[in-house]
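Just so you know, the sequences run in chain order A and B.
Position 144 of the first sequence, counting from 1, maps to 144 under the working numbering, and the rest follow consecutively.
One rule links them: number in the working numbering = place in the second sequence (from 1) + 1000.
For every residue, glycine included, the Cβ atom is placed at its ideal position computed from N, Cα and C.
Quick notes on the structure that follows.
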Amino acid sequence: MSVSPFLFETRSLTKAFGGLIAVNSVSIGFREREAHAIIGPNGAGKSTFVNLLTGHLPASGGHVMFKGADITRQPAHKVARLGIGRSYQKTNVFPTFTCFENCRLAAQSHLATSMRFLRPAAAYREISAKASEALERAGLASRAGRIAGTMSYGEQRQLEIAMVLATAPQVLVLDEPLAGMGKEESEGMVGLLQELAQVYTLILIEHDMDAVFAIAKVLSVMVNGTLLESGPLDQIRASKAVQDAYLGDGAEAY
Amino acid sequence: MTALPKRLSLILLALLAALALFPAWGPLAFTVKYAFLLQKLTGIMILAILAMSLDLLVGVAGLVSLGHAAFFGLGGYMLALLSPQYEAANLWVVLPAAMGAVALASAVVGFLAIRTAGIYFIMVTLAFGQMGYYFFNDSKLAGGSDGAYIYVKPVVEAFGITLVNLESKQAFFFAVLGCLVAVYLLLRVVLASPFGRVLAAIGVNEGRVRGLGFDPMAYKLVAFAIAGALAGLAGFLAATQYGFVSPAMLGWHQSGHVLVMVILGGMGTLFGPILGAFILELAHFGLEAVTEHWLLPMGMLVIAIVLALPKGVAGLLLQWCGTSETLVERGAIEAPGAPRRSQGSESDRPALEGQTRPKEGGQ
């Protein structure tokens, strides 16, 4: 087999829930430091695909390859350790922890193990530094001491990103980071994602087409569990099949 | 290093001082009843250690175990089994051996139990607890259903000098008090450590912990073994105090009793379960002296506390002392220079209309 040009890729990845095939033989390659968006109507299987990519669901068939190694059967926590960080469609933070503590916990994944019992977590300066850095990057430095559950929804979405950053991943898999955000909040988040796209390999699931076109360089379109088309933005924009299946029927202009 | 509000720390220290000085003021206040009360308090402190160890599972990791007394009982039985019949055992040998054996047993039980969650975890731990009960009840080992006596208490020696004479009720009182404080401080340290932070996070949102690269199973298993070993310590102390062990120590009555202490006292706070143990046991003692139908008012008291104080006695104290967080105890030690915790109410940024989720009050 030839050397893959991709950092991260799926090969005929399939997931069936009983008779329902949610993801049907999807092969997508993600190049290093390339912002790649996956779009598609509701029920296209995008979230299932993300769960397969990150080990949150076991695949029914096919493979997930990262840096040439097959990681299909790895559990979620091991996938995360490999450098594949993800955020969730629904806000998924530790609501009773402060903003800073949320990130410090994420940054603890830099320790070979957190099975350390006597020294306070706060005494690990490098961990605290990484947590602060991630908060800063996500624009939450001023919110460090706030209890996460008391912050606004948009801030919790930012925190979600900050936590992923604190694990210092190589690949960021972001599942609808703009979901439920207001216009102003969305703009801030798009700016942040554009910055991140310079540094990380970004895999973005998103409905907001303006945001997708502002951030991504490559687009994959999923419909009914299958990959309809994958390629550079212009190619997808011009694609008749994509327009018929998805882009054309939305009110979203681009 | 404490993350407790100052006023609360003072209250707890005052209570601790009153307890530690009981051998000084007790004889004056209670005269003839003093000796009995000294033993009673010693027994309550032992239950408080057991309750704290359960809090690590229930309040911190969110693992509601209904079989925790099995490890308590096993600790006691280890002393009975390891002690020579008419001679004193060496504490430096039997205590580590007992705690080690209980830690091993709880790791085995935990390995199987943590594969389940929620109500199934409760059922599985209950079943394991009852297995432990019937094991000692039905086997010839250590007296079966009659239980077993420990005729001579272990000796605590170093270089041939007796450090603590456990036969002395007063010395034993102080030894148990020392254990209580040591276990509390140990658990505080553990909660503040990287391990403790992951464990507390598992209690809040296990799925996200996995997504961040930690294997929740491993952390739960270690927590189960630690809690088991500390329950074993409590059981060891109880067996030492009474000189007797019986299968009832392992039963689900005992497990449920300790769980009530944790819930009444305030889950996830460590000091709450200590208070819970004292409140429940002293209420029992007081009501029993007044009426033989003490179970009725006792039940009413428990219901009243649960209804009035959903976060337990500890929640009330924390509120009094100016914080509404129950999780202060979860080892929150801020990094040097990190901003202080603050609540959302004084937000300097107006919430965007329709974008703010309702405050997660009370959780």
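Hey, could you find the ends of the beta strand (DSSP E) residue i is sitting in?
{"i": "Ala37 (chain A)", "result": "35 to 39"}
{"i": "Pro232 (chain A)", "result": "226 to 232"}
{"i": "Asn24 (chain A)", "result": "20 to 26"}
{"i": "Met65 (chain A)", "result": "61 to 66"}
{"i": "Ile203 (chain A)", "result": "201 to 205"}
Using three-state DSSP, classify residue i as helix, strand or coil.
{"i": "Lys130 (chain A)", "result": "helix"}
{"i": "Lys15 (chain A)", "result": "strand"}
{"i": "Leu1163 (chain B)", "result": "strand"}
{"i": "Thr113 (chain A)", "result": "coil"}
{"i": "Tyr88 (chain A)", "result": "coil"}
{"i": "Ile147 (chain A)", "result": "strand"}
{"i": "Tyr124 (chain A)", "result": "coil"}
{"i": "Lys240 (chain A)", "result": "helix"}
{"i": "Val1245 (chain B)", "result": "strand"}
{"i": "Gly1067 (chain B)", "result": "coil"}
{"i": "Leu1038 (chain B)", "result": "helix"}
{"i": "Asp208 (chain A)", "result": "coil"}
{"i": "Pro1027 (chain B)", "result": "helix"}
{"i": "Met1045 (chain B)", "result": "helix"}
{"i": "Lys217 (chain A)", "result": "coil"}
{"i": "Gln1085 (chain B)", "result": "coil"}
Which residue marks the beginning of the alpha helix (DSSP H) containing residue i, and which one marks its end?
{"i": "Pro983 (chain B)", "result": "Past the boundaries of the shown model lies residue 983 (chain B); chain B is included only from 1001 to 1363, so the question cannot be answered."}
{"i": "Val164 (chain A)", "result": "153 to 166"}
{"i": "Asp175 (chain A)", "result": "No alpha helix (DSSP H) holds Asp175 (chain A); the beta strand (DSSP E) holding it covers 171 to 175."}
{"i": "Leu1307 (chain B)", "result": "1295 to 1308"}
{"i": "Val1222 (chain B)", "result": "1216 to 1242"}
{"i": "Val50 (chain A)", "result": "46 to 53"}
{"i": "Ser1009 (chain B)", "result": "1006 to 1020"}
{"i": "Gln1031 (chain B)", "result": "Inspection of the sequence shows that residue 1031 (chain B) is occupied by Thr rather than by Gln. Element bounds for Thr1031 (chain B): n/a, residue is neither H nor E."}
{"i": "Ala1289 (chain B)", "result": "1271 to 1290"}
{"i": "Thr72 (chain A)", "result": "Careful: Thr72 (chain A) lies outside any alpha helix (DSSP H) and carries neither H nor E."}
{"i": "Val1204 (chain B)", "result": "1194 to 1211"}
{"i": "Thr1125 (chain B)", "result": "1118 to 1138"}
{"i": "Val1315 (chain B)", "result": "For the sequence presented, residue 1315 (chain B) should be read as Gly rather than Val. Residues 1312 to 1320."}
{"i": "Gln1254 (chain B)", "result": "1252 to 1265"}
What I want to know is whether the C-beta of residue i ends up closer than 7 Å to one or more non-hydrogen atoms of the ligand HEM.
{"i": "Phe1072 (chain B)", "result": "With respect to the ligand HEM, the structure shown offers nothing to examine, as it has no ligands at all."}
State the beta-bridge partners of residue i as determined by DSSP.
{"i": "Met222 (chain A)", "result": "A:Leu227"}
{"i": "Glu101 (chain A)", "result": "In DSSP, Glu101 (chain A) forms no bridge with anything."}
{"i": "Phe8 (chain A)", "result": "A:Phe30, A:Phe66"}
{"i": "Val1155 (chain B)", "result": "B:Asn1090"}
{"i": "Ala1148 (chain B)", "result": "B:Val1245"}
Using only alpha-carbon positions, find the residue among the options that is nearest to residue i.
{"i": "Pro120 (chain A)", "options": "A:Ser132, A:Ala134, A:Arg104", "result": "A:Arg104"}
{"i": "Ala1227 (chain B)", "options": "B:Leu1037, B:Gly1059, B:Leu1015", "result": "B:Gly1059"}
{"i": "Phe17 (chain A)", "options": "A:Val212, A:Ala166, A:Leu52", "result": "A:Leu52"}
{"i": "Met115 (chain A)", "options": "B:Ile1049, B:Thr1042, B:Asp1215", "result": "B:Asp1215"}
{"i": "Val283 (chain A)", "options": "A:Leu20, A:Phe8, A:Gln158, A:Lys67", "result": "No answer is possible for residue 283 (chain A): the residues shown for chain A start at 1 and end at 254."}
{"i": "Phe213 (chain A)", "options": "A:Gly231, A:Lys67, A:Met163, A:Phe100", "result": "A:Gly231"}
{"i": "Tyr1086 (chain B)", "options": "B:Trp1252, B:Ile1150, B:Thr1162, B:Met1300", "result": "B:Ile1150"}
{"i": "Met181 (chain A)", "options": "A:Asp208, A:Ala131, A:Leu111", "result": "A:Asp208"}
{"i": "Ala1200 (chain B)", "options": "B:Pro1273, B:Ala1089, B:Ala1223, B:Leu1185", "result": "B:Ala1223"}
{"i": "Phe1195 (chain B)", "options": "B:Leu1259, B:Leu1008, B:Leu1221", "result": "B:Leu1221"}
{"i": "Lys1033 (chain B)", "options": "B:Ala1107, B:Phe1285, B:Val1109", "result": "B:Phe1285"}
{"i": "Glu160 (chain A)", "options": "A:Val223, A:Thr113, A:Pro95", "result": "A:Pro95"}
{"i": "Ile1046 (chain B)", "options": "B:Val1258, B:Leu1287, B:Met1300, B:Thr1269", "result": "B:Val1258"}
{"i": "Gln1170 (chain B)", "options": "B:Gly1299, B:Glu1292, B:Glu1288, B:Phe1036", "result": "B:Phe1036"}
{"i": "Gln194 (chain A)", "options": "A:Glu206, A:Ala211, A:Lys183, A:Ile205", "result": "A:Ala211"}
{"i": "Ala1089 (chain B)", "options": "B:Trp1025, B:Pro1154, B:Gln1039", "result": "B:Pro1154"}
Cβ contact (3+ pairs, closer than 8 Å) linking the stretch 1029 to 1039 of chain B and the stretch 1246 to 1266 of chain B: no
contact_flag[the stretch 1276 to 1295 of chain B, the stretch 1260 to 1267 of chain B] where n(CB pairs < 8 Å) is 3 or more: Taking 8 Å as the limit for Cβ pairs, the verdict is that the stretch 1260 to 1267 of chain B does touch the stretch 1276 to 1295 of chain B.
Contact between the stretch 142 to 157 of chain A and the stretch 180 to 195 of chain A (3+ Cβ pairs under 8 Å): Contact holds: three or more Cβ-Cβ distances are below 8 Å.
Stretch-stretch touch, CB-based, cutoff 8 Å, three pairs: the stretch 18 to 38 of chain A with the stretch 188 to 208 of chain A: yes
At least three beta-carbon pairs within less than 8 Å, the stretch 1059 to 1072 of chain B to the stretch 1224 to 1244 of chain B: yes
Cβ pair count under 8 Å reaching 3, the stretch 1298 to 1307 of chain B against the stretch 1084 to 1101 of chain B: no
Inter-stretch contact (C-beta, 8 Å, three-pair minimum) for the stretch 54 to 62 of chain A and the stretch 70 to 79 of chain A: yes
The stretch 1175 to 1186 of chain B / the stretch 80 to 87 of chain A touching (three or more Cβ pairs under 8 Å): no
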